[in-house]
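**Student:** Protein sequence lines correspond, in order, to chains A and B.
According to the numbering used here, the first sequence is numbered sequentially starting from 1.
According to the numbering used here, the second sequence is numbered sequentially starting from 1.
Glycine included, C-beta positions come from ideal geometry on N, C-alpha and C.
None of the values given here were measured: they were computed from a predicted structure.
Quick one: this structure, given as structure tokens, is what I'll be asking you about.
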Amino acid sequence: MTTFIDEAFLQRLANLRFIVRGRRKGHLAGLHASPRAGVSLEFADYRAYAPGDDFRYIDWNAYGRLDRLLVKTYVHEADLPIYLLVDLSASMRIGVPSKAHYAAHLAAAMAYLGLRGLDRVGLFPFSDRLMPGLSARHGMGQMGRILRLLRDVEPTGRTSVNQAILDFLSQTHESGLTIILSDFLTGGGGFADGLSRLLHRRDEVILLQILDPEDVRPHAAGATQLVDIESSRQVTLTIGQRTLEDYKHRVRQNRERLRALSLERGVPCFQTTTDVPIERFLHEDLRRGGVLR
Amino acid sequence: MTVLNPAAFYLLFAALGILLLHLLRARERRREVSALFLWEGLPGDPQSRAARLRQQIDPLLLLQLAVLLALTTAFAQPAWTTRTTSLSGLAIVLDASASMRTVTEDGVTRYRKAVDEASALLDRYPAAATAIIQLSSRPAILARPGLPSPDLRDALLRSEPTWYADGTAAELRSLLAGIGGISQFERVVWLSDRSLVDGLDGFETILVEGGENLALTAFSVRGNPEGGGVTAWVTATNDTDAYRDVLIRIEDRKNQTTLSLLMPPRTTESYVIPFPTSSGTLFTASLVADDGFDGDNLRYFSLNRPIDVRVHWLGSESRYLMAAIQSVAPVTHVDASEDADLTVVHGTRAPASPGGTVLLVHAGIEGLLTQGETVATERITVLRPDHPILEDVDPTGFRVREAPTASVPPSTDVVLAADGVPLLAVYEDETQTVLYLAPDLLETNLPITVDFPLLVRNIVAALVRVPPPLSYRSAEAGEPVSLSGLGAIDRLYDANGMPVVLPDGISTFRPEVPGFHTLITDRGAFAVAVNVSAAESGVRTSEAPIATFDPAGQTTIHRLPLWQVAAVLAILLLLAEASLHAGRRAVTGRAR
């Protein structure tokens, strides 16, 4: 996979950062608010003093007024593990640039945003299973590893998001922000089960569906031998305007199903095609969708 | 646009190869898709018009064919051909004869169309030294070479056709000689409704045609032998492609008679029209018909009797012959040949030559011209077609059933003969002039032909040597008419009543318009009937080869090669094809 990130691109991402809806636990200080009260500058609440509390947090003014010992609690700013699950199955090879390239580009950008926000970022490529990935770590050194992995892994194999999530859950035990980048063109299996398991672990999940324009608006015409790039199955079809309309209808239904599932589970879902510039997708779709700010 | 290497177009056969490859490739395309399940079960659309059209009309194929066409065109070496037309000398000769007055289907006369063509020539050769000439029986120079272009055009536009007969190439040649000779003109363009039959070498013709014509081409009147009224002879022509209803009207200024006809297309017919109520001397024949040229729908004839001819008659009477002679001139009978202007011998043999001028009709003279046995005759041979006796006479219409053989003096000039038998002959020596008409008139159709009075007119004129009455000359507009022998000329008026000035000592004039001209001399008033030449009626077609005007002739051809344009176009198309192909591959790559 070619180089897909450069200094100029990174500079254009300088004013972006992740917004996390819920507060997540983290054992290292970060820029994300954690439900674990701690030392920070941001006041959270009062609570009754309990033996063992740090005297420094007793609000003596409140004691003077109320004659009760109250301890001030502060929001603990914790780091957030960000997991990037990137679909690198064979179907992601479609298009110029390929969906895999686009997804890798997007994943690199998000990894950069996470690492720059002092979060730990992990990368997990997958096809019909989870491929060897990078567990979540701090620092720009991780950025180099992520880029190398994205560069080295070639899209291959079939797609099974469900299986990949199961593998992912077995390899990681800490919930975090899990971003799944895929075309989500899965035939029968779907991934509702995997998504449920992620949410059960209290992961905050974002779905990014990446399609090629030809997936959405194909230009085929005439007698055409259609070959499934993952299974190599073939269908010969004489494609006319009516056939194309029917196909587009199916694609629309597929995308609507994905949106309906994400809506039902309260999971943000964003759909794009590879002819949409990545910066525009980041700045417009993801910011408008409340993922970045 | 010319192509210097047309053989290069064989390269177009390569299109078959391109088409074949395209068809082979288009048979079935392979396409990788992300998710086959989205396609599975979709109904095919074999009847899709778009699918078929896109298969049949592939832009890539069109571009490839366009590249091939452009390359082929480049190899064919096309060139833009331009011609420069420059002349040093140009003679524009306009036919100004009466037939050019014919109104064409465009509503303008042939002459005006000729003027338009001539004007276009002036535009084409603005720098040429141009002469403009009107050719008719009276040719005229409208503009001499060297006039500036506006003056040329002005002279051209102001010109009008005449009522004259056609001019000849000889007349034109002599006219051109008067303005420096034909050699100074690189091109001589003849604009007319006919070709010059005796055309000059190097003449180019622009034919201006159009317009239908019905005409009276001959008209004469003869007094009835029985006395009382006249008989008119009329020849009418329908020079159209349709049957036409026509009305022929004969008028003598007091009375009139008419004849209604249905004339077949492209025919000429003669009619004898009795006019018993006529007592006039000036006759007008009119053809009432709708056609493009009305100048020949009117013909004029005058029965003047200005000078008595003294006739000594020998032999039996012949009312037809006498009537014909009387129609030439008033006749006074005398008893002695010495007192006669003309001795007529009819149906007998004179014992000796009466001397002077003798007309022998079915008769002979002892010792000079004797008739033998009568033999049947069939075919008449014209031995002297240019003899003055046959002036205006068409002898091919004569029919002679039988005629006597005759022994004639060796110096006799035989004009007409039939099967070796002389029919019409002239003998002349120091003491006498004898005209011999062999057959009995009743064995011929002469008395009922329109040419008989004309023949008798010519005979009387040849024998009596007095000027015949003007009416019997075929006076045509533009033709010289002799007025000698009619006394001292006082005044002459044309058909419109305008005085005609004759120079002193000149007794001939050329009438310019058809109609009755009036001559007043000290012997009385004479009417001169002037007609349009019969030759002006109808569109004549000449068998002589016509050198049609060729605008490209004598021009310099410049060729601007255009193969570079085609080559650049081919390269651009090739780039477009490559671009489209690359785009296709990109799309295909996406699909993969």
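Could you please tell me which residues of the region 214 to 225 of chain A, in chain order, have their CB closer than 9 Å to any CB of chain B?
**Tutor:** E214, D215, P218, H219, A220, A221, G222, A223, T224, Q225
**Student:** Which full runs of the alpha helix (DSSP H) of 4+ residues lie inside the region 228 to 270 of chain A, going along the chain?
**Tutor:** 241 to 265
**Student:** Among A:R259, A:V161, A:G266, which has the Cα closest to the Cα of S182 (chain A)?
**Tutor:** Position 182 of the first sequence holds residue 182 (chain A). It is A:V161.
**Student:** Tell me the DSSP secondary structure of W39 (chain B) in three-state form.
**Tutor:** Along the second sequence, read from residue 1 onward, the residue named residue 39 (chain B) stands at position 39. Three-state result, W39 (chain B): coil.
**Student:** Please list, in chain order, the residues of the region 237 to 263 of chain A that have any C-beta partner in chain B closer than 8 Å.
**Tutor:** L237, T238, I239, G240, Q241, R242, T243, D246, Y247, R250, V251, N254
**Student:** Can V361 (chain B) and R384 (chain B) be called in contact, C-beta distance under 8 Å?
**Tutor:** On the second sequence, position 361 is the one that residue 361 (chain B) refers to. On the second sequence, position 384 is the one that residue 384 (chain B) refers to. No; because the gap between Cβ atoms is not below 8 Å, this pair is not in contact.
**Student:** Which whole runs of the beta strand (DSSP E) in the region 57 to 90 of chain B are 3 residues long or more, in chain order?
**Tutor:** 78 to 84
**Student:** Count the other CB atoms within 10 Å of the CB of Y427 (chain B); is the residue buried (16 or more) or exposed (fewer)?
**Tutor:** Numbered from its first residue, the second sequence carries residue 427 (chain B) at position 427. By the 10 Å Cβ count, Y427 (chain B) comes out buried.
**Student:** Taking only the alpha-carbon atoms, compute the straight-line gap between R590 (chain B) and S98 (chain A) and give it to the nearest angstrom.
**Tutor:** Looking up residue 590 (chain B) in the second sequence gives position 590. Looking up residue 98 (chain A) in the first sequence gives position 98. Note that R590 (chain B) scores a pLDDT of 45, beneath 50, so its modelled location is shaky and nothing firm can be said.
**Student:** Nearest to L175 (chain B) by alpha carbon, out of B:T104, B:A131, B:A218?
**Tutor:** In the second sequence, residue 175 (chain B) corresponds to position 175, counting from 1. L175 (chain B) has its Cα closest to that of B:A131, out of B:T104, B:A131, B:A218.
**Student:** Locate the alpha helix (DSSP H) running through V456 (chain B), then write down its first and last residues.
**Tutor:** As a position in the second sequence, residue 456 (chain B) is number 456, starting the count at 1. It spans 452 to 464 - the alpha helix (DSSP H) in which V456 (chain B) sits, taken as one unbroken run.
**Student:** Name the residue from B:T231, B:L36, B:V501, B:L68 whose alpha carbon lies nearest to the alpha carbon of I18 (chain B).
**Tutor:** Here the question's residue 18 (chain B) lines up with position 18 in the second sequence. If we check each option's Cα against that of I18 (chain B), B:L68 comes out closest.
**Student:** Going by DSSP, name the residue or residues bridged to L519 (chain B).
**Tutor:** Here the question's residue 519 (chain B) lines up with position 519 in the second sequence. B:L492, B:F526, per the DSSP bridge assignment.
**Student:** By Cβ distance, which residues of its chain are closer than 6 Å to T431 (chain B), with the 5 residues on each side in sequence left out?
**Tutor:** The residue given as residue 431 (chain B) occupies position 431 in the second sequence. If the five residues before and after T431 (chain B) are omitted, its C-beta is found closer than 6 Å to the C-beta atoms of G355, all from its own chain and listed in chain order.
**Student:** What in chain B is Cβ-close to V235 (chain A), meaning under 7 Å?
**Tutor:** Along the first sequence, one-based indexing puts residue 235 (chain A) at 235. The contacting residues are L36, W39, E40.
**Student:** Would you please verify whether the beta carbon of D106 (chain B) is less than 8 Å from any beta carbon of chain A?
**Tutor:** Looking up residue 106 (chain B) in the second sequence gives position 106. Not one chain A Cβ lies under 8 Å of D106 (chain B).
**Student:** Please classify A352 (chain B) as buried or exposed, where buried requires at least 16 other C-beta atoms within 10 Å of its C-beta.
**Tutor:** Residue 352 (chain B) sits at position 352 when you count from the first residue of the second sequence. It counts as exposed.
**Student:** Taking CB distances under 8 Å as the criterion, tell me whether L106 (chain A) reaches chain B.
**Tutor:** Within the first sequence, residue 106 (chain A) is the residue found at index 106, counting from 1. With a threshold of 8 Å between beta carbons, L106 (chain A) makes no contact with chain B.
**Student:** Classify S407 (chain B): buried if its beta carbon has 16 or more other beta carbons within 10 angstroms, exposed otherwise.
**Tutor:** Here residue 407 (chain B) is taken as the residue at index 407 of the second sequence, counted from 1. Around the beta-carbon of S407 (chain B), fewer than 16 other beta-carbon atoms lie within 10 Å, marking it exposed.
**Student:** Compare the C-beta of S91 (chain A) with all C-beta atoms of chain B and state if any pair is closer than 8 Å.
**Tutor:** Residue numbering aside, residue 91 (chain A) sits at position 91 when the first sequence is read from its first letter. Yes, its Cβ sits closer than 8 Å to a Cβ of chain B.
**Student:** Using only CA atoms, which one of A:A109, A:L88, A:R65 lies nearest to A8 (chain A)?
**Tutor:** One-based indexing of the first sequence puts residue 8 (chain A) at position 8. Closest by alpha carbon: A:A109.
**Student:** 8 Å is my cut-off, CB to CB: does D183 (chain A) come that close to chain B?
**Tutor:** Numbered from 1 along the first sequence, position 183 holds the residue referred to as residue 183 (chain A). For D183 (chain A), the answer is yes, since a Cβ of chain B falls inside 8 Å of its Cβ.
**Student:** Measure from the C-beta of V227 (chain A) to each C-beta in chain B and report whether the shortest distance is under 8 Å.
**Tutor:** One-based indexing of the first sequence puts residue 227 (chain A) at position 227. Output row for V227 (chain A): interface = yes.
**Student:** Cα-Cα, which of B:W39, B:S195, B:P439 is closest to R217 (chain A)?
**Tutor:** By 1-based counting over the first sequence, the position of residue 217 (chain A) is 217. Per the Cα distances, B:W39.
**Student:** Just checking my contact of G292 (chain B) with T102 (chain B) at CB under 8 Å: how many whole Å lie between their CB atoms?
**Tutor:** As a working note, residue 292 (chain B) is residue 292 in the second sequence. As a working note, residue 102 (chain B) is residue 102 in the second sequence. Correct: roughly 4 Å between the Cβ atoms.
**Student:** With respect to the beta strand (DSSP E) encompassing S135 (chain A), which residues constitute its N-terminal and C-terminal limits?
**Tutor:** Taking the first residue of the first sequence as position 1, residue 135 (chain A) is located at position 135. S135 (chain A) -> beta strand (DSSP E) spans 134 to 137.
**Student:** Using beta carbons (cut-off 8 Å, strictly below), is R124 (chain B) in contact with chain A?
**Tutor:** Mapped onto the second sequence, residue 124 (chain B) falls at position 124. No, no contact with chain A.
**Student:** Looking at chain A, is there any beta carbon in it that lies within less than 8 Å of the beta carbon of A591 (chain B)?
**Tutor:** Numbered from its first residue, the second sequence carries residue 591 (chain B) at position 591. Note that A591 (chain B) scores a pLDDT of 41, beneath 50, so its modelled location is shaky and nothing firm can be said.
**Student:** Touch check for the region 270 to 284 of chain A and the region 9 to 16 of chain A: three-plus C-beta pairs under 8 Å?
**Tutor:** With the cut-off at 8 Å, the region 270 to 284 of chain A and the region 9 to 16 of chain A touch.
**Student:** Quick one: residues in its chain with C-beta nearer than 7 Å to the C-beta of Y112 (chain A), no 5 flanking neighbours on either side, listed in chain order?
**Tutor:** Taking the first sequence and counting its residues from 1, one reaches residue 112 (chain A) at position 112. Only L10, L13, M143 meet the Cβ criterion.
**Student:** So is D116 (chain B) in contact with chain A if we call contact Cβ pairs under 8 Å?
**Tutor:** By one-based count along the second sequence, residue 116 (chain B) stands at place 116. No, D116 (chain B) lies away from the interface with chain A (no Cβ there is under 8 Å from its Cβ).
**Student:** Measuring CA to CA, which of A:N61, A:R56, A:V96 is closest to P277 (chain A)?
**Tutor:** Here residue 277 (chain A) refers to the residue found at position 277 of the first sequence. Checking every option, the nearest Cα to that of P277 (chain A) belongs to A:V96.
**Student:** Give the DSSP bridge partners of P514 (chain B), in chain order.
**Tutor:** As a first step, residue 514 (chain B) is located in the second sequence; it is residue number 514 there, counting from the start. Per the DSSP secondary-structure output, P514 (chain B) pairs with nothing in a beta bridge.
**Student:** Where does H27 (chain A) fall in DSSP's three states?
**Tutor:** Indexing the first sequence from 1 puts residue 27 (chain A) at position 27. Residue confidence for H27 (chain A) is low, a pLDDT of 43 falling below 50, so the modelled location carries little weight and cannot support an answer.
**Student:** Can you name the residues of chain A whose CB is closer than 7 Å to the CB of P59 (chain B)?
**Tutor:** Counting from 1 along the second sequence, the entry for residue 59 (chain B) is found at position 59. Chain A residues near P59 (chain B): none, gap ~12 Å exceeds 7 Å.
**Student:** Would you mind sorting M140 (chain A) into buried or exposed? The rule is 16 or more other CB atoms within 10 Å of its CB.
**Tutor:** Walking along the first sequence from the start, residue 140 (chain A) turns up at place 140. So M140 (chain A) counts as exposed.
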